[in-house]
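Numbering (this note's numbering), first residue to last: 486 to 592. C-beta: ideal position from N, C-alpha, C; glycine also. The structure appears right after this line, and notes come after that.
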């Protein structure tokens with residue numbers, strides 16, 4: 486199943502009536518997504534993949550905020566926290582950086 490279909494299936498499984506919006510412009514950043522949807526940057530959710538002691542962790546952050554690896558490390562009780570590289574993000578989620586949704590991941 487391709488990425489968009491996995492997201493649709495995950496949404497359907499929630500029981501929510503959600504209709505996808507196809508954007509005419511690129512939305513590879515939160516700023517571009519906000520502009521394409523004509524909405525505030527803070528209403529966009531960024532899905533970021535971090536590695537905590539080598540294990541993937543999905544972090545959801547408002548578009549106008551930054552994830553703090555030090556706080557994340559403390560929250561998770563991890564020795565080491567780092568942002569995942571593009572290859573690892575694709576491996577874990579099935580999506581490329583800039584296009585990772587909060588649901589419908591491969592893993």
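(1) Is residue 588 near the ligand NAD, going by C-beta to nearest heavy atom under 7 Å?
(2) Quick one: using the 10 Å Cβ neighbour count with 16 as the cut-off for buried, is residue 440 buried or exposed?
(3) Pull up the distance between the alpha-carbon of residue 518 and that of residue 550, whole angstroms please.
(4) May I ask you to list the residues that DSSP assigns as paired with residue 543?
(5) I need the straight-line Cα distance from residue 601 to residue 581, nearest angstrom please.
(6) Taking residue 544 and residue 578 to be in contact with their CB atoms under 8 Å, please state how far apart those CB atoms are, rounded to whole angstroms.
(7) Pick out whichever of 521, 515, 503 and 500 has its Cα sitting closest to the Cα of residue 597.
(8) When the Cα atoms are used, what is the spatial distance from residue 586 to residue 513?
(9) Would you tell me roughly how many angstroms separate the C-alpha atoms of residue 572 and residue 502, rounded to the nearest one?
(10) Just checking my contact of residue 515 with residue 506 at CB under 8 Å: how many whole Å lie between their CB atoms?
Looking at the coordinates:
(1) Among the components modelled here there is no ligand, and therefore nothing to report on the ligand NAD.
(2) The structure shown has nothing for residue 440, since the chain only spans 486 to 592.
(3) Pairing residue 518 with residue 550, the inter-Cα distance amounts to about 15 Å.
(4) DSSP lists 534 as partners of residue 543.
(5) The structure shown does not extend to residue 601, since the chain is modelled only from 486 through 592, so no value can be given for it.
(6) Between the beta-carbon of residue 544 and that of residue 578 there is about 12 Å, and that puts the pair past the 8 Å contact cut.
(7) Coverage of the chain is limited to positions 486 through 592, which leaves residue 597 absent and any answer about it impossible.
(8) Annotation: residue 586 to residue 513 spans about 11 Å, alpha carbon to alpha carbon.
(9) Rounded to the nearest whole angstrom, the C-alpha separation of residue 572 and residue 502 is 33 Å.
(10) With a Cβ gap of about 16 Å, residue 515 and residue 506 do not count as contacting.
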